[in-house]
Structures are given as C-alpha cells and as structure tokens.
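Just so you know, we're using our numbering here: the sequence shown kicks off at 15 and counts up by one.
In what follows, a single structure is set out as structure tokens and then discussed.
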Amino acid sequence: MFKKHKLDDDMIRLVGKHHPDLLSDTHLRLGKELEAEGRLQEAEYHYLEAQEWKATVNMDRSNGLLEEAYWVPKAHRGADAHKHVAYLWAKSLGGASSVRLLTKLGLLAAAVDHATDNCSFEFAFELSRLALKHKTPEMHLRHALYLEDEGKFEEAEAEFIRAGTPKEAALMFVQNQAWEAAQRVAEARDPDTVAEALVGQARGALEEKDIQKAEGLLLRAQRPCLAFNYYKEAGLWSDALRICKDYVRGQLEALREEYEREATKKGARGMEGLVDQARQWEQAGEYSPAVDCYLKVRGSGSSSLEEKCWMKLAPYWAQWRA
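What follows is the structure, given as structure tokens:
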C-alpha cells in the first residue's frame with residue numbers, strides 16, 4: 015500500500031520494524047526507482063542508506079555532476095575512487111581549467127599517470143605540456159611502448175625518438191626482425207646499437223641457413239667470436255679456424271687443440287677431417303699447424319691415409335734435417 019502510493023518513508027519504517035534484513039535492498043530498489051524518475055537527491059539518500067556509495071557516484075557521473083561525484087567517495091572513504099572521478103571531472107573541463115582543478119585537489123601528477131594507464135595519451139600530454147613538462151619524455155616513452163604493443167612500429171619509433179630513447183626503437187625493430195629499419199635507426203640515432211642490430215640480423219640469417227650472410231654481418235658488427243662459436247657448434251671446424259686465424263688470433267691455438275681432440279674422438283672420420291684441415295693450413299702458408307695436423311693422423315685404420323700424411327711430411331722432414 016505504501017509503495018503504491020509512494021509513501022516511501024512509511025514503507026521504510028515498516029520494513030525496518032518487521033523485516034530489517036530487507037532494509038538495505040529496499041533502500042537500493044528505491045534509489046534506482048527515484049534515479050529513473052530524475053529525483054537524484056532523494057535517490058542519493060537511499061543509495062547511501064543502503065551503503066551503495068558507488069551507485070551514487072555512477073548516478074552523478076551519468077548526469078554530468080562530477081563535482082558531486084567527487085565528494086561522495088571522499089566522504090565515505092572510497093579508497094582511490096575519488097581520484098578517478100577527479101580525473102573524469104578534470105578531463106571534462108580540459109586545458110588550463112583541468113590543471114587548476116587537479117592542482118587544487120593535489121592530484122595533478124596522479125591524473126597524468128592515470129591518463130597514461132588508461133591509454134588517454136592526448137589528455138596526459140596536455141597536462142604534462144601545461145604543468146609537468148619534466149614528465150613529457152616519460153609520456154612519450156609510455157606512448158611508444160603502447161604503440162609497439164599495438165604493432166604500430168613506425169609511430170612507436172617516432173615516440174621513442176621524442177622520448178630520447180632511440181636505442182629502444184632500434185631494439186624494437188630487431189625483436190620484430192625488421193633489420194633494415196633497425197640498422198637505419200641505429201646508424202642515424204644511436205651508433206652504439208649498430209652492432210646489436212647487425213647481430214640480430216645475423217641470427218635471422220642463421221635461422222634461414224644463410225651462413226655466409228650471417229658471417230658477414232657478425233664481422234661487420236665486430237663480433238668474430240660469435241661467428242667462430244657458431245661454426246664450432248655446427249661442427250664446421252674449418253670455418254671456425256679460418257675466422258679465428260683472421261680475426262681472433264689469440265684464441266687460435268686453444269681452438270686448434272680443441273678441434274684436434276674432437277677429431278681424435280671421432281676415429282677415422284675425424285682423422286680425415288684433420289687431413290683436410292692440414293691441407294688448408296698448408297695452402298694458407300701456415301706450415302707449422304699443418305705439420306701438427308699431419309702428425310696427429312694415426313690409428314685411422316687406413317694405412318693409405320697415414321701413408322699420404324707421411325708423404326706430405328717428407329719435405330718438411332728433409333728441410334728440418336738440412
């Protein structure tokens with residue numbers, strides 16, 4: 015009866031007396047009805063009586079009453095909800111007015127971070143440009159990272175550069191195997207990153223089994239150790255020794271000894287590899303390591319192979335005796 019005749023106070027009194035467990039639900043239902051009728055002040059009363067301050071905030075926001083929405087969570091200890099409302103309030107004002115409001119509330123820096131976290135970069139840049147210029151590079155960096163995640167690499171590159179972090183732009187392209195773009199950015203903006211871009215490109219070439227291209231890129235990056243380590247791991251000892259001899263001579267002896275140990279373990283097949291390597295040393299004019307390789311060919315199970323080695327050694331033996 016009371017509900018039918020909109021005697022809300024009497025209805026609340028009766029429910030509170032006879033059904034206190036339904037009192038909050040009744041307040042909440044009345045709040046929704048009154049909000050729908052546009053009776054916002056009365057609706058707010060019932061929302062708050064139902065301890066539903068968030069419903070009040072949403073109602074005020076929906077009706078453009080952002081100032082009222084701001085104070086509700088402040089009064090009811092609504093954690094950081096008032097900060098979000100303040101952000102929306104300031105955003106509705108825009109420009110210098112938003113800066114003045116946020117400064118008055120002591121939430122200017124928090125609003126910039128909130129805008130960035132919610133990908134509202136235009137508003138974040140506006141606030142930083144007007145009042146927090148020192149945060150502008152940070153905003154550009156965070157915007158760049160967002161654009162990178164979205165796959166908008168050219169736009170992200172521009173933002174990385176505006177943020178003063180061109181290296182991040184080059185590495186972004188490396189990670190996405192955009193080798194030419196990575197090298198372009200590195201050479202123009204951050205020479206120290208050129209080597210990283212070339213190494214990344216070399217890894218891509220290795221995945222495509224383009225070994226010669228990978229070697230050239232690693233040598234351009236001045237990373238010959240990476241080149242000969244790759245050759246060594248792939249069992250391409252002749253190439254590993256060649257790179258080591260030409261570019262990292264200080265490690266040549268150790269690498270040669272390692273190769274000879276590996277060849278010895280492989281028996282006859284390894285001995286044939288030693289002969290091939292000895293021949294290459296000989297052709298390169300490196301006679302001392304060539305002799306060492308020939309001397310290590312033993313126990314191959316092939317008398318003809320051993321005989322061939324001794325025949326190769328004969329001229330050196332004659333020179334030594336002379």
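Built from N, CA and C at the ideal position, the CB exists for glycine as well.
Fair warning: this is a prediction, and the values are worked out from it, not measured in the lab.
{"query": "Given this structure, state the Cα-to-Cα distance separating GLU182 from ARG237, to the nearest angstrom.", "result": "21 Å"}
{"query": "Which residue wins for smallest C-alpha separation from ALA209, given the options GLU222, LEU240 and LYS223?", "result": "LEU240"}
{"query": "Measuring only the C-alpha atoms, how far is GLY313 from TYR244?", "result": "Here GLY313 scores only 49 on pLDDT, less than 50, and its place in the model is too uncertain to base an answer on."}
{"query": "Please tell me whether ALA129 and LEU141 are closer than 8 Å, where the distance is taken between their beta carbons.", "result": "yes"}
{"query": "Taking the CB atoms as reference points, tell me whether ARG203 and ILE175 lie closer together than 8 Å.", "result": "yes"}
{"query": "Kindly indicate which residue of GLU162, GLY249, ASP39 and GLU201 has the alpha-carbon position closest to the one of GLN189.", "result": "GLU162"}
{"query": "If you draw a straight line from the alpha carbon of MET73 to that of GLU51, how long is it in whole angstroms?", "result": "12 Å"}
{"query": "From this set, LYS31, SER112 and ASP253, which residue's C-alpha is nearest LEU146's C-alpha?", "result": "SER112"}
{"query": "Could you please give the first and the last residue of the uninterrupted alpha helix (DSSP H) stretch that includes MET153?", "result": "150-163"}
{"query": "Going by other Cβ atoms of all chains shown within 10 Å of its Cβ, with 16 needed for buried, is GLN191 buried or exposed?", "result": "exposed"}
{"query": "For THR179, which three-state DSSP category applies?", "result": "coil"}
{"query": "By a C-beta neighbour count over all protein chains shown, 10 Å radius and 16 as the cutoff for buried, is ARG335 buried or exposed?", "result": "Low confidence applies here, because ARG335 scores a pLDDT of 44, under 50, leaving its location unreliable; read the following figure in that light. When all chains shown are included, ARG335 counts as exposed."}
{"query": "Tell me whether the beta-carbon of LEU107 lies closer than 8 Å to the beta-carbon of LEU119.", "result": "no"}
{"query": "Under 8 Å between the Cβ atoms of HIS148 and GLU173?", "result": "no"}
{"query": "Where does ARG237 fall in DSSP's three states?", "result": "coil"}
{"query": "Short of 7 Å in beta carbon distance, which residues of its chain neighbour CYS133, apart from the five on each side in sequence? Order them along the chain.", "result": "TYR160"}
{"query": "In three-state terms, what does DSSP make of ARG263?", "result": "helix"}
{"query": "Ignore the nearest five residues each way along the sequence and tell me which others in TYR261's own chain have a CB closer than 6 Å to its CB.", "result": "PRO238"}
{"query": "Kindly list the residues whose CB is nearer than 6 Å to the CB of ILE266, restricted to its own chain and excluding five residues on each side of it in sequence; keep chain order.", "result": "The residue asked about is misnamed: residue 266 is Leu in this sequence, not Ile. The answer, listed in chain order, is CYS258 and LYS259."}
{"query": "Relative to the C-alpha of LEU250, which residue among VAL199, GLY264, GLU229 and ARG263 is closest?", "result": "GLU229"}
{"query": "Please report how far the alpha carbon of LEU122 lies from the alpha carbon of GLY109, in whole angstroms.", "result": "13 Å"}
{"query": "Do you know how far the Cα of GLN215 is from the Cα of GLU397?", "result": "Shown here, the chain extends from 15 to 336; a query on residue 397 therefore has no answer."}
{"query": "Go ahead and label ALA248 buried or exposed: buried means 16 or more other beta carbons lie within 10 angstroms of its beta carbon, across all protein chains shown.", "result": "exposed"}
{"query": "Can you give the Cα-Cα distance for LYS246 and ARG256, rounded to whole angstroms?", "result": "11 Å"}
{"query": "ALA100 to PHE137, Cα distance in whole Å?", "result": "14 Å"}
{"query": "Could you have a look at GLY109 and say whether DSSP puts it in helix, strand or coil?", "result": "helix"}
{"query": "Beta-carbon within less than 7 Å of LEU220's beta-carbon, same chain only, minus the 5 sequence neighbours each way: which residues are those?", "result": "ALA228 and TYR244"}
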